[in-house]
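Read top to bottom, the protein sequences are chains D and E.
Counting the first sequence from 1 gives a position; my numbering is that position plus 197.
Counting the second sequence from 1 gives a position; my numbering is that position plus 5.
Data first, discussion second: the structure below is written as structure tokens.
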Amino acid sequence: SQTIHQWPATLVQPVGSPLSLECTVEGTSNPNLYWYRQAAGRGLQLLFYSVGIGQISSEVPQNLSASRPQDRQFILSSKKLLLSDSGFYLCAYRAPGSQPQHFGDGTRLSIL
Amino acid sequence: RKEVEQDPGPFNVPEGATVAFNCTYSNSASQSFFWYRQDCRKEPKLLMSVYSSGNEDGRFTAQLNRASQYISLLIRDSKLSDSATYLCVVNGKLGGTSYGKLTFGQGTILTVHP
């Protein structure tokens, strides 16, 4: 069966510190992968998506970057966090030939 | 105009009630439609896909009207556990390729009370 793992579940970081969130998918090959952010009380905003290893598309200009070093691994990074980077970050995958996306448990990021 | 628009609610209904949510989308080239459910401080979970002919899954019925670019979700015999935010989701399309990108509505909040 297909599963998606995302960690950590919660993170508190000071302004200016680096960030690395990791997401892995099991049970499928060559998935499309996505990073979303959900600010408090707001909808999901697509940040990045990837259709293959090393292929990253950015949806909005921001302080974040993404990488896909392996087929089923997706990483969200920042060199220096801003207060505005606080939010609920969600990784999702779409299996080949399938339409719906399935989400990881999310990471709640607080910047102090 | 937003790509996907929903009535944010909140909808407060008693147990056993029937409640309907509506959603409109702006991209006439959209081909896939879904309803997701999101519990407080949790990730969205797929509730059901929406097919052109309409589809039902237990107490839940989804309808699609392509001409009006309108999607609906009907919940019958509401349970306390149905309390959540319901997200209308449409696949995006850029040129001839969608890359599976989805556009999420802001969500409709449902509270079912005893």
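Every residue gets a Cβ at the ideal spot worked out from N, C-alpha and C, and that includes glycine.
Skipping 5 residues on each side, what residues in its chain have a beta carbon closer than 6 angstroms to that of E:L107?
Only V94 and N96 meet the Cβ criterion.
As assigned by DSSP and simplified to three states, the class of E:D87
In the structure shown, E:D87 adopts helical secondary structure according to DSSP, grouped into three states.
Member of E:G112, E:Y56, E:I80 and E:F65 whose CA lies at the smallest distance from the CA of D:Q296
Of the candidates E:G112, E:Y56, E:I80 and E:F65, the one whose C-alpha sits nearest the C-alpha of D:Q296 is E:Y56.
Range of the contiguous beta strand (DSSP E) that encloses E:Q36
Element bounds for E:Q36: n/a, residue is neither H nor E.
From E:C28, E:Y30 and E:D87, residue whose alpha carbon lies closest to that of E:H118:
E:D87
Quick one, which residues of the stretch 284-308 of chain D are near chain E if we go by CB-CB under 8 angstroms, in chain order?
F285, L287, R291, Q296, P297, Q298, H299, F300, G301, D302, G303 and R305
Listed by chain order, chain D residues near E:E48 by CB distance under 7 angstroms
L287, F300, G301, D302 and G303
With a Cβ-Cβ cutoff of 7 angstroms, do D:Y290 and D:T304 count as a contact?
no
Suppose the cutoff is 7 angstroms on Cβ atoms and the five residues either side in sequence are ignored; what does the same chain contact list for E:D62 look like?
M53
If you measure between the beta carbons of E:S31 and E:R6, is that distance less than 7 angstroms?
yes
Residues of chain D with CB under 7 angstroms from E:N96, in chain order?
Q296
D:L278: which of D:H202, D:G213 and D:A292 sits nearest, CA to CA?
D:G213
Note down, in chain order, every chain D residue with its Cβ under 9 angstroms from the Cβ of E:F39.
Q296, P297 and Q298
List, in order along the chain, the chain E residues whose C-beta lies closer than 8 angstroms to that of D:A251?
A small fix is needed here, since residue 251 of chain D is Gly in this sequence, not Ala. Near D:G251 there are no residues of chain E at all, since even the closest Cβ is about 15 angstroms away, more than 8 angstroms.
Within its chain, find whatever has a CB closer than 6 angstroms to the CB of E:Y75; leave out the 5 residues flanking it on each side and keep chain order.
Only residues of its own chain outside the window of five on either side were considered, and among them T29 have a CB closer than 6 angstroms to the CB of E:Y75, listed in chain order.
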